[in-house]
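Some notes on the structure that comes next.
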Amino acid sequence: MSQLEEIPSMTSEPNQGRTPVHVPVLRAEVLAGLLAGRDPKTLEGWIVDGTTGAGGHARVLLEACPKIQLLCTDQDPKALEIATLELKPFQERVRLRRARMSELCRVIRKERIGRLSGVLLDVGVCSLHLDHPERGFSFLEDGPLDMRMDPDRERSAADIVNNWDESDLADLFYYEGDERRARTIARRLVELRRRTPFLRTGALAEEIARAVGGAGGKTHPATKSFQALRRAVNEEGDELIAGLQAAEHWLDEGGALAVISFHSGEDRVVKRFFQEGQRADRWELESKKPKQAESNEVRDNRRARSARLRVGLRRRKGNRS
Ligand SMILES: C[S@@+](CC[C@H](N)C(=O)[O-])C[C@H]1O[C@@H](n2cnc3c(N)ncnc32)[C@H](O)[C@@H]1O
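In numbering that gives the first Met the number 0, the protein residues as written are 0 to 320.
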């Protein structure tokens, strides 16, 4: 896993000419999906980027479509700091707001921007979480056992590991991480935490590796358990559904929703959401299959290998307040 380059300070210039903080995946495909056949030069109205991150996709959209405006939201204040710099050249057409996906409806209403031309959700973590051990997402480098993308969330990964029942922990590792050794891991963690609570990612990763018999395979033995914890801490399942519903509510007829997910469970949720919407005539699908990165993109950016992009077009306005 790569280490993240230094986060630019608030006083530095936009991130031009430097290594990007986060490389956005499927850039051309996201742009084409959100345009949905509309001319980028004449496309007007508002697009919401509900997971702005370092602002990479937002920048692509602003560069390609000179008349659109962007509402850029993210739950992580650090991400918004970076995006503020990245999108500075476009500041006349951009509003940056700190919000979770579950707060999108409220923010869109408050900003009085009305119907949307497009919505982008690129869910999950980004380099700015994974490559910064002090955020507590890394099983390769030691840090506090935190994993909160939104630092104001009450519950950290340490709270879960040290307080949940053994059976709840096992279910979490199994269902949210697809971890087949979930019960063994949960049993060991509960046994060990009686003596010393888990407060560091390094100790947790080490004990998970011991529980499953060491690091034999290609991936670190703690990968799946860490993913499960991250998903629970940030309530990623519920957040995604809230984001999809907000897009359905606010998109104009013909507007596009593009969703990138990195986890098979998440992609299933998006697929089902669009399929049900298609049956009810609320969505039209570009394709049944998700788009994936070409081999040259995967070669340059390993993270792109698990990205799945699904795009839907809003069909009917339906009831909205
Ligand atoms: C994969 S990154 C997005 C990268 C971005 N598209 C870019 O080009 O730089 C995901 C971002 O979504 C944010 N995020 C994840 N879940 C969120 C949620 N429920 N609400 C708001 N932001 C969220 C994370 O904080 C992170 O910054």
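Note that CB positions come from ideal geometry on N, CA and C, so glycine has one too.
| task | Compute the Euclidean distance between the alpha carbons of Glu62 and Tyr173, then round it to the nearest angstrom. | result | 42 Å
| said: If you reduce the DSSP assignment to three classes, tell me which class Glu283 lands in. | reply: strand
| message | Taking contact to mean 3 or more Cβ pairs, one atom from each stretch, closer than 8 Å, check whether the segment 219–229 and the segment 271–289 are in contact. | response | no
| message | For a test of the three-state rule: what should DSSP assign to Trp249, helix, strand or coil? | response | helix
| Does DSSP put Thr83 in a helix, in a strand, or in coil? | Helix.
| CA-CA distance, Asp177 and Ala204? | 17 Å
| query | ligand 1 heavy atoms versus the CB of Thr195: any closer than 7 Å? | reply | no
| Among Arg114, Val124, Leu188, nearest to Glu252 - alpha-carbon criterion | Arg114
| Any heavy atom of ligand 1 closer than 7 Å to the CB of Glu238? | Checking every heavy atom of ligand 1 against the Cβ of Glu238, one is found closer than 7 Å.
| Cβ neighbour criterion (16 or more within 10 Å) applied to Asn162 | exposed
| Any heavy atom of ligand 1 within a distance shorter than 7 Å of the CB on Met350? | An answer regarding residue 350 cannot be provided, because it is not within the stretch 0 to 320 covered by the chain.
| task | Would you decide whether Ala181 is buried or exposed? Buried here means 16 or more other CB atoms lie within 10 Å of its CB. | result | buried
| task | Spell out whether any CB of chain D is found under 8 Å from the CB atom of Ala31. | result | The structure shown contains no chain D, having only a single protein chain.
| Using a threshold of 7 Å, is the CB atom of Asn233 nearer than that to any non-hydrogen atom of ligand 3? | Judged by which ligands are present, ligand 3 is missing from the structure shown, whose ligands are ligand 1.
| field | Candidates Leu127, Arg192, Asp121, Lys66: closest to Ile159 by CA position | value | Arg192
| request: Report buried or exposed for Asn295, applying the criterion of at least 16 other Cβ atoms within 10 angstroms of its Cβ. | output: exposed
| Gly55 CB to nearest heavy atom of ligand 1 below 7 Å | Taken from the Cβ of Gly55, at least one heavy atom of ligand 1 lies inside 7 Å.
| Quick one: is the Cβ of His21 within less than 7 Å of any heavy atom of ligand 1? | yes
| said: Between which residues of its own chain and Ile240 is the CB-CB distance below 8 Å, once the five residues before and five after are set aside? | reply: Val268, Phe272
| field | Which of helix, strand or coil DSSP assigns to Ile107 | value | helix
| query | Considering only the beta carbon of each residue, do Ala255 and Leu33 sit closer than 8 Å? | reply | A contact, by the Cβ cut-off of 8 Å.
| request: Could you tell me the boundaries of the beta strand (DSSP E) in which Gln68 lies? | output: 67–73
| request: Could you name the residues that DSSP lists as bridge partners for Lys290? | output: DSSP lists Leu308 as the beta-bridge partner residues of Lys290.
| Coil, strand or helix - Gly176 by DSSP | helix
| said: Assuming contact is defined by CB atoms lying nearer than 8 Å, are Ala306 and Val118 in contact in what I supplied? | reply: no
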